[in-house]
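Working notes for the structure below.
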Amino acid sequence: MESHFATEAVAQLRRRSLRAAAVNLIGPLTMLAGVAWAFLQPYRLTVLHPHGQGFWWLLSEPPLYVVLVGLGFALFLAPSLLEDLEEVEDAPEG
Amino acid sequence: MLPKAEFVHWWFATGFLIIGLLLLAEALVGGEVWRRRAWRAYLWPSFLFLMGVLMWPVMVFYTNSTIHMLAHGSWAQAMMLAGAAELGLARGKLHSPYWSLTTAGAFLVSAAAILLHEQNGWLYARAAFLHHAIGWTFVIGAAFPLARAFRPGAAVVRTGFALIFVVTSVFLFSDRDTAPIFGHLSPLAGAQHR
Numbered sequence: 056m057e058s059h060f061a062t063e064a065v066a067q068l069r070r071r072s073l074r075a076a077a078v079n080l081i082g083p084l085t086m087l088a089g090v091a092w093a094f095l096q097p098y099r100l101t102v103l104h105p106h107g108q109g110f111w112w113l114l115s116e117p118p119l120y121v122v123l124v125g126l127g128f129a130l131f132l133a134p135s136l137l138e139d140l141e142e143v144e145d146a147p148e149g
Numbered sequence: 700m701l702p703k704a705e706f707v708h709w710w711f712a713t714g715f716l717i718i719g720l721l722l723l724a725e726a727l728v729g730g731e732v733w734r735r736r737a738w739r740a741y742l743w744p745s746f747l748f749l750m751g752v753l754m755w756p757v758m759v760f761y762t763n764s765t766i767h768m769l770a771h772g773s774w775a776q777a778m779m780l781a782g783a784a785e786l787g788l789a790r791g792k793l794h795s796p797y798w799s800l801t802t803a804g805a806f807l808v809s810a811a812a813i814l815l816h817e818q819n820g821w822l823y824a825r826a827a828f829l830h831h832a833i834g835w836t837f838v839i840g841a842a843f844p845l846a847r848a849f850r851p852g853a854a855v856v857r858t859g860f861a862l863i864f865v866v867t868s869v870f871l872f873s874d875r876d877t878a879p880i881f882g883h884l885s886p887l888a889g890a891q892h893r
């Protein structure tokens with residue numbers, strides 16, 4: 056009986072760990088995608104060669120946008136989401 | 700003076716990426732956890748509504764032709780309607796899950812608009828290819844918000860719904876003003892950019 060509860064608890068922990076890990080990874084993976092893109096197509100970052108670029112070209116830095124979205128997710132959304140995920144899963148059923 | 704069309708596409712790509720990641724996170728943790736903080740439930744519908752509002756200046760300033768104006772105007776209305784309905788559902792003012800059908804409708808209106816206002820073939824230039832690709836992505840992707848109205852809790856449906864936004868953002872980020880696609884660029888398209 057005890058081992059059954061232990062097995063269930065371990066399975067639940069593993070499920071939670073996977074979900075928490077996935078939520079934790081969204082931000083860093085998005086940032087990584089932006090950085091990889093910047094390395095693959097450095098000419099899309101006009102801040103690296105700003106001479107002669109107009110205002111709109113200097114404002115439009117798509118790889119940086121992707122990095123900023125990932126950063127925003129990791130800093131502002133993921134922490135509270137993980138906190139709530141833990142609270143809900145730790146709460147006694149019923 | 701006005702930003703090029705590709706810049707506007709990249710800004711909207713950023714919006715789509717934000718919505719996609721929010722929906723993906725919601726799909727991962729489930730609706731119960733996601734709605735534990737009220738502000739979180741309003742996030743992606745608010746972005747969708749805001750993108751609809753921001754589509755109006757696009758309609759006004761990028762009137763290359765009547766069909767462009769109609770396409771951008773119908774997008775603006777469809778996105779605002781879908782965003783408002785999803786906000787109503789998040790707030791609890793609307794109860795029926797069938798209100799999610801407005802999002803499926805917005806997908807289909809967007810698909811029709813983007814396919815109809817692209818007059819060139821797939822391999823004319825990269826922008827033409829992306830218009831076709833995005834249009835058909837939304838035609839197929841409309842199945843997810845449609846399914847969401849009937850099976851709102853299904854993980855596959857929620858994940859698919861999120862990924863449509865992420866894929867669309869990748870397409871929009873790939874846009875260049877005049878660039879080849881798979882080595883093809885029509886001589887009628889103009890001088891190639893980077």
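Taken in sequence, the protein lines are chains G and Y. Note that this note's numbering numbers the first sequence so that position 22 is 77, with each residue one more than the last. Note that this note's numbering numbers the second sequence so that position 116 is 815, with each residue one more than the last. Ideal placement from N, C-alpha and C gives every residue a C-beta, glycine not left out.
Contacting residues, own chain, Cβ-Cβ under 7 angstroms from residue i (five flanking each side not counted)
| i | result |
| --- | --- |
| Y/Val757 | Val707, His771 |
| G/Val90 | Val122 |
| Y/Ile944 | Within the shown structure, residues of chain Y are numbered from 700 to 893, placing residue 944 of chain Y beyond reach of any answer. |
| Y/Ile717 | Phe746 |
| Y/Met768 | Met758, Thr762 |
| Y/Phe806 | Phe837, Gly840, Ala841, Pro844 |
| Y/Ala783 | Phe748 |
| Y/Leu793 | Ala784, Gly787 |
| Y/Thr877 | Ala824, Ala888, Gly889, Ala890, Gln891, His892 |
| G/Ala88 | Val121 |
| G/Gln108 | Thr101 |
| Y/Val856 | Phe843, Ala846, Arg847, Arg850 |
| Y/Ser764 | none |
Integer Cβ distance of residue i from residue j, believed to fall under 8 angstroms
| i | j | result |
| --- | --- | --- |
| Y/Val920 | Y/Gly719 | Only positions 700 to 893 of chain Y appear in this structure, which leaves residue 920 of chain Y out of reach. |
| Y/Leu747 | Y/Thr858 | About 18 angstroms separates the two Cβ atoms, so there is no contact after all. |
| Y/Trp709 | Y/Leu871 | 7 angstroms |
| G/Pro118 | G/Ala93 | 4 angstroms |
Contacts around residue i, its chain only, beta-carbon distance under 8 angstroms, and the 5 residues preceding and following it disregarded
| i | result |
| --- | --- |
| G/Glu116 | Arg99, Leu100, Thr101, Val102 |
| G/Leu140 | Arg71, Arg74, Ala75, Val78 |
| G/Pro97 | Leu103 |
| G/Glu138 | none |
beta-carbon residue i near the ligand NAD non-hydrogen atom, thresh 7 angstroms
| i | result |
| --- | --- |
| G/Pro134 | In terms of ligand content, the structure shown is empty, and the ligand NAD therefore cannot be addressed. |
Short Cβ contact (8 angstroms threshold) for residue i with residue j
| i | j | result |
| --- | --- | --- |
| G/Leu136 | G/Val78 | yes |
| Y/Ala827 | Y/Asn819 | yes |
| Y/Ala854 | Y/Ala726 | yes |
| Y/Gly787 | Y/Leu814 | no |
| G/Phe128 | G/Gly82 | yes |
| Y/Ala740 | Y/Ala789 | yes |
| Y/Val752 | Y/Met779 | yes |
| Y/Leu721 | Y/Phe760 | no |
Nearest neighbour of residue i, chosen from the options [CA to CA]
| i | options | result |
| --- | --- | --- |
| Y/Met754 | Y/Gly834, Y/Glu725, Y/Ala704 | Y/Ala704 |
| Y/Pro886 | Y/Ala783, Y/Thr858, Y/Ala824 | Y/Ala824 |
| G/Gly125 | G/Ser72, G/Thr85, G/Ala76 | G/Thr85 |
| Y/Gly804 | Y/Glu731, Y/Leu727, Y/Ser764, Y/Glu785 | Y/Glu785 |
| Y/His830 | Y/Phe860, Y/Ser764, Y/Ser873, Y/Thr765 | Y/Ser873 |
| Y/Ser799 | Y/Leu845, Y/Arg739, Y/Lys792 | Y/Leu845 |
| G/Val143 | Y/Ala789, Y/Ser795, Y/Val732 | Y/Val732 |
| Y/His816 | Y/Trp774, Y/Met779, Y/Arg735 | Y/Trp774 |
| Y/Ser868 | G/Glu63, G/His106, G/Tyr120, G/Thr62 | G/Tyr120 |
| Y/Ala737 | Y/Gln776, Y/Gly791, Y/Val856 | Y/Gly791 |
| Y/Ala832 | Y/Gln776, Y/His794, Y/Ile880 | Y/Ile880 |
| Y/Met750 | Y/Ala878, Y/Ala890, Y/Ala777, Y/Ser764 | Y/Ala777 |
| G/Leu130 | G/Leu80, G/Thr62, G/Glu63 | G/Leu80 |
Own chain, CB closer than 6 angstroms to residue i, minus 5 neighbours either side, in chain order
| i | result |
| --- | --- |
| Y/His883 | Leu822 |
| Y/Tyr797 | Ala848 |
| G/Trp112 | Thr101 |
| Y/Thr802 | Ala781, Pro844 |
| Y/Val906 | There is simply no residue 906 of chain Y to check, as chain Y begins at 700 and stops at 893 in what is shown. |
| Y/Ile766 | His816 |
| G/Pro134 | none |
| Y/Arg734 | Ala740 |
| G/Leu95 | none |
| G/Glu63 | none |
**Prompt:** Any contact of the segment 708 to 716 of chain Y with the segment 847 to 854 of chain Y, i.e. 3+ C-beta pairs under 8 angstroms?
**Reply:** With a cut-off of 8 angstroms, the segment 847 to 854 of chain Y and the segment 708 to 716 of chain Y do not count as touching, because too few Cβ pairs lie within range.
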